[in-house]
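Number of protein chains: 2
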Amino acid sequence: MGKVTKIPRPTIERLALYSRPLEAFQESGTPIISSEKIADLCGVNPAQVRKDLAYFGEFGVRGVGYDVKDLLREIKRILATDRTWRLCIVGMGNLGSALALNENFRKRGYHFVAAFDSDPAKAGMKHPCGLKIEPIGKIRDLVKTLKIEIGVITTPPGKAQRVADLLMDAGIRAILNFAPIQIRAPECCVVENVDFTLKLENLVYHLHKSS
Amino acid sequence: MGKVTKIPRPTIERLALYSRPLEAFQESGTPIISSEKIADLCGVNPAQVRKDLAYFGEFGVRGVGYDVKDLLREIKRILATDRTWRLCIVGMGNLGSALALNENFRKRGYHFVAAFDSDPAKAGMKHPCGLKIEPIGKIRDLVKTLKIEIGVITTPPGKAQRVADLLMDAGIRAILNFAPIQIRAPECCVVENVDFTLKLENLVYHLHKSS
DNA sequence: GCCTGTGAATCCATTCACAGCT
DNA sequence: AGCTGTGAATGGATTCACAGGC
Chain A
141 MGKVTKIPRP TIERLALYSR PLEAFQESGT PIISSEKIAD LCGVNPAQVR
191 KDLAYFGEFG VRGVGYDVKD LLREIKRILA TDRTWRLCIV GMGNLGSALA
241 LNENFRKRGY HFVAAFDSDP AKAGMKHPCG LKIEPIGKIR DLVKTLKIEI
291 GVITTPPGKA QRVADLLMDA GIRAILNFAP IQIRAPECCV VENVDFTLKL
341 ENLVYHLHKS S
Chain B
141 MGKVTKIPRP TIERLALYSR PLEAFQESGT PIISSEKIAD LCGVNPAQVR
191 KDLAYFGEFG VRGVGYDVKD LLREIKRILA TDRTWRLCIV GMGNLGSALA
241 LNENFRKRGY HFVAAFDSDP AKAGMKHPCG LKIEPIGKIR DLVKTLKIEI
291 GVITTPPGKA QRVADLLMDA GIRAILNFAP IQIRAPECCV VENVDFTLKL
341 ENLVYHLHKS S
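The listed protein sequences correspond, in order, to chains A and B. Per my numbering, the first sequence starts with residue 141, numbered consecutively. Per my numbering, the second sequence starts with residue 141, numbered consecutively.
In structure tokens, the structure reads:
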């Protein structure tokens with residue numbers, strides 16, 4: 141409390157990163173951890189870790205370190221991962237299907253409660269994950285009645301923007317986009333893009349450069 | 141030419157980003173494009189676009205803009221996406237399977253030439269993508285004989301580091317990791333992480349903050 | 001007039017280095 | 001002695017603003 145500082149975006153991203161080893165330490169019963177240890181495991185600078193945490197309070201004890209359990213709880217509270225969230229997937233191709241079946245999401249509190257696909261042949265079918273595949277036209281209705289908070293887009297690139305617009309129309313304010321295009325959205329909606337081929341192009345550049 | 145400037149990492153990432161709309165413009169036959177247009181479509185500043193490109197040469201014409209075809213060719217040459225690359229996937233669960241079937245990769249010149257899984261029940265099976273699933277033990281051999289250049293890891297987090305070590309042992313120097321852990325690798329190997337849940341945690345923070 | 005290429009200015013994030021507490 | 005919390009210093013990257021060429 142006190143200062144009203146703006147939190148740097150990278151700080152938020154790293155908080156999530158820190159929580160990974162913290163979870164492991166909590167499970168293994170380690171009670172205390174130092175900024176240096178966290179930094180080491182996450183590949184960042186120890187001062188960075190301390191500064192990131194200090195934005196939100198004084199969680200550590202000088203001369204000692206951080207209490208693993210407390211710190212993890214604080215981070216989860218900050219990130220708002222201490223509750224569950226309701227998501228939908230749009231585009232039940234191979235990727236959408238794989239995500240719906242992925243256990244990592246559920247384990248972290250992300251529950252898929254609806255699945256959509258524009259293919260009339262798919263609509264109505266029951267997906268192995270347990271969800272019935274709904275037509276795109278039902279997005280508006282279901283987002284509201286099922287109180288969906290986050291939309292995941294796994295459509296082909298050509299359809300992604302239209303789907304995003306539908307989701308936003310329905311009141312969605314957070315989108316995770318897997319289509320390799322830049323989604324345009326107003327301020328009020330947060331969009332995160334996951335573009336594998338972008339990452340590959342990065343790899344390939346470095347490979348080529350150092351050969 | 142001339143100055144030996146160090147290229148900022150973000151510049152490389154954006155070059156790949158710029159190539160997306162350029163491809164669309166090339167297909168639609170638009171001959172010339174301005175830095176402002178590119179910037180707009182990619183959500184960056186026009187000066188940024190010009191500076192990024194200027195690191196590699198003078199591709200534009202003052203008072204006119206950039207020739208779409210030329211620029212795209214140059215970017216592809218810089219990123220080394222003007223050739224094909226040989227990859228393997230390790231971990232043929234839902235995600236690995238979906239990636240192997242994903243057309244986006246092939247279209248951009250990324251060819252999966254081998255698939256591995258540690259599950260003996262899967263080894264030997266033919267995957268719908270056309271590849272035979274090989275046991276982990278064959279990584280070393282096949283990476284060499286098939287001249288695999290990039291490894292994609294889609295195993296559970298517990299196995300990811302071991303798989304990465306195997307790949308690097310076999311001579312792989314670029315890894316795309318989908319497991320939600322931080323892969324440790326020496327300088328000589330480039331690692332890109334794709335962690336969906338990290339992205340979700342970001343979204344969730346922003347949702348929560350602005351509610 | 002228009003749009004690129006680029007030094008200069010600004011902004012932001014990271015790292016250092018040490019004071020402060022246990 | 002040890003490790004956190006934090007102002008100060010550093011280092012990068014982004015943006016501005018304008019000179020340069022069509």
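Just so it is clear, CB atoms sit at the ideal spot from N, CA and C, and this is done for glycine as well. Small disclaimer: the values here were computed from a predicted structure and weren't measured.
Original post:
How should Thr145 (chain A) be labelled, buried or exposed, when 16 other C-beta atoms within 10 angstroms of its C-beta is the threshold for buried?
Top reply: exposed
Subject >> Proximity test, Cβ basis, 8 Å: Lys143 (chain B) and chain A >> reply: Since pLDDT at Lys143 (chain B) reaches only 48, below the 50 mark, its modelled position is unreliable, and no value is offered.
Original post:
Per the contact definition of three or more C-beta pairs closer than 8 Å, is the region 176–190 of chain A in contact with the region 243–263 of chain A?
Top reply: no
Original post:
What are the start and end residues of each continuous alpha helix (DSSP H) run of 4 or more residues lying completely inside the region 184–212 of chain A, in chain order?
Top reply: 186–194
Original post:
Which same chain residues, not among the five before or five after Leu162 (chain A), have their C-beta less than 8 Å away from its C-beta?
Top reply: Ile173, Ile178, Val208, Leu211, Leu212, Ile215
**OP:** Just the chain A side, please: which residues come within less than 8 Å of Glu289 (chain B) by C-beta, in chain order?
**Re:** Leu347
Original post:
Quick one, which residues of the region 228–242 of chain B are near chain A if we go by CB-CB under 9 Å, in chain order?
Top reply: Gly233, Asn234, Leu235, Gly236, Ser237, Ala238, Leu239, Ala240, Leu241, Asn242
Original post:
Just the Cα atoms here: how many angstroms apart are Ile312 (chain A) and Ser350 (chain B)?
Top reply: 13 Å
**OP:** Consider the Cβ of Gly169 (chain B): report whether some Cβ of chain A lies at a distance smaller than 8 Å.
**Re:** no
**OP:** Give, in chain order, every residue of the region 296–321 of chain B whose Cβ lies closer than 7 Å to some Cβ of chain A.
**Re:** Arg313, Ala314, Leu316, Pro320, Ile321
Subject >> beta strand (DSSP E) segment containing Asp257 (chain B), residue limits >> reply: 250–257
Original post:
Hey, is the region 193–207 of chain B in contact with the region 224–232 of chain B, meaning 3+ C-beta pairs nearer than 8 Å?
Top reply: no
Original post:
CB-CB under 8 Å to Ala263 (chain A), same chain, minus the five flanking residues each way: which ones, in chain order?
Top reply: Asp257, Ile273, Glu274, Pro275
**OP:** State the DSSP-derived secondary structure class of Glu332 (chain B), mapped to helix, strand or coil.
**Re:** strand
Subject >> Any 3 or more C-beta pairs closer than 8 Å across the region 285–297 of chain B and the region 227–247 of chain B >> reply: yes
**OP:** Taking the CB atoms as reference points, tell me whether Leu239 (chain A) and Val330 (chain B) lie closer together than 8 Å.
**Re:** no
Original post:
CA-CA distance, Gln188 (chain B) and Lys339 (chain A)?
Top reply: 20 Å
Original post:
Helix, strand or coil: how does DSSP classify Gly291 (chain A) here?
Top reply: strand
Original post:
Quick one: what's Glu274 (chain B) bridged to in DSSP?
Top reply: B:Phe256
**OP:** Look up Ile172 (chain A) in the DSSP assignment and give the residues it is bridged to.
**Re:** A:Asp207
Original post:
Quick one, which of B:Ile218, B:Arg217, B:Glu243, B:Pro171 has its alpha-carbon nearest Pro320 (chain A)'s?
Top reply: B:Glu243
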